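These notes are about the structure you will find just below.
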Amino acid sequence: MKKIRLFNLALLFICVLFVQTSGAQEYTRWSLPEEAKTRLGEGSIRDIAYSPDGAWIAVASSDIWLYDTYTGAEIVLPVEHPDDGVRSVAFSPDGKTLASGRGHRGAIWLWDVDTGQQKATLEGHRHGINSIAFSPNGHILASGGRDFTVRLWEASSGQPLAILETPTVYSVAFSPDGKTLASGHRGAIWLWDVDTGQQKATLKGHEDFVLSVAFSPDGQTLASGSGTRAIW
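Residue numbering for the sequence shown follows the working numbering, beginning at 111 and increasing consecutively.
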């Protein structure tokens with residue numbers, strides 16, 4: 111493991127453009143922090159995601175905000191109990207579906223990106239969801255939360271496939287071949303065999319919550335972020 115002191119690019123992007131603070135709503139599109147180009151979403155921004163083709167940006171806060179990157183058009187996907195908030199968003203590989211994880215109530219909502227309509231609700235987590243990710247082929251959705259589980263779902267039907275018992279989960283990511291799932295916990299990363307649901311390895315070295323994990327395109331390297339950054 112090699113520790114590095116670099117900002118997570120996604121976090122840096124959020125900080126520069128979205129001002130990730132509880133007071134962010136005080137800014138408008140005409141009154142922005144210096145160097146910021148525009149203001150997306152409202153309130154605290156918990157997650158952002160680009161669609162695979164770059165046509166959309168999804169922003170998670172109290173509601174879900176979709177932005178057309180070509181026209182700047184804004185679509186708000188309202189959620190029930192906005193005080194609950196949305197902690198994680200992820201596009202399917204074909205860009206047609208957006209998954210969102212609830213902050214406290216433990217549900218995953220699937221949205222049709224073209225229509226903005228909710229098309230399914232996946233329920234099973236007992237507490238809030240911190241991270242969600244689609245497998246590279248789009249067949250499986252992984253979710254990790256505060257109920258000490260990683261759950262695997264069939265993306266097309268919403269049927270549960272597996273429940274993986276873990277400590278609290280802060281981040282999840284699939285390897286490029288879809289065979290391995292990484293889950294970030296406090297002080298460690300667990301690697302799972304997606305086909306069998308068995309834990310393959312534990313990577314230790316972080317001292318804090320592992321809030322971000324990501325595989326390199328060739329699947330040979332895993333990057334993780336907590337108070338420090340690491341390459342495995």
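The beta-carbon is built from N, C-alpha and C at its ideal position, and this holds for glycine as well. Everything numeric in this text was worked out from a predicted model, so none of it was measured.
Just mark residue i as buried or exposed, buried being the case when its beta carbon has 16 or more other beta carbons within 10 Å.
| i | result |
| --- | --- |
| Arg236 | exposed |
| Thr276 | buried |
| Tyr180 | exposed |
| Asp204 | exposed |
| Ala183 | exposed |
| Ser326 | exposed |
| Thr331 | exposed |
| Gly216 | buried |
| Ser171 | buried |
| Glu136 | Annotation note: pLDDT 47 at Glu136 (below 50); position unreliable, no value reported. |
| Thr290 | buried |
Near residue i, which residues of its chain fall below 8 Å by C-beta distance, leaving aside the five closest residues on each side in sequence?
| i | result |
| --- | --- |
| Gln269 | Trp263 |
Less than 9 Å between the beta carbons of residue i and residue j, yes or no?
| i | j | result |
| --- | --- | --- |
| Ala265 | Gly288 | no |
| Leu321 | Ser336 | yes |
| Gly211 | Gly255 | yes |
| Asp173 | Val186 | yes |
| Ala165 | Leu208 | no |
| Gly234 | Arg261 | yes |
| Phe74 | Leu251 | Given a span of 111 to 342 for the chain in the structure shown, any question on residue 74 remains unanswerable. |
| Phe201 | Pro246 | no |
| Leu274 | Gln309 | yes |
Might you give, ordered along the chain, the residues of its own chain that have their beta carbon closer than 6 Å to the beta carbon of residue i, omitting 5 neighbours on each side?
| i | result |
| --- | --- |
| Ser241 | Ser198, Gly254, Ser281, Val282 |
| Thr231 | Ala217, Trp219 |
Who are the Cβ neighbours of residue i in its own chain at under 7 Å, not counting the five residues just before and after it?
| i | result |
| --- | --- |
| Asp163 | Gly205 |
| Ala311 | Leu301 |
query: Which runs of the beta strand (DSSP E) fall wholly inside the stretch 309-338 and span at least 3 residues, in chain order?
result: 309-319, 322-325, 332-335
query: Which ranges would you report for the alpha helix (DSSP H) in the stretch 226-313 if only whole runs of at least 4 residues count?
result: none
field: Those runs of the beta strand (DSSP E) which lie wholly inside the stretch 167-206 and span at least 3 residues
entry: 174-178, 184-187, 196-201
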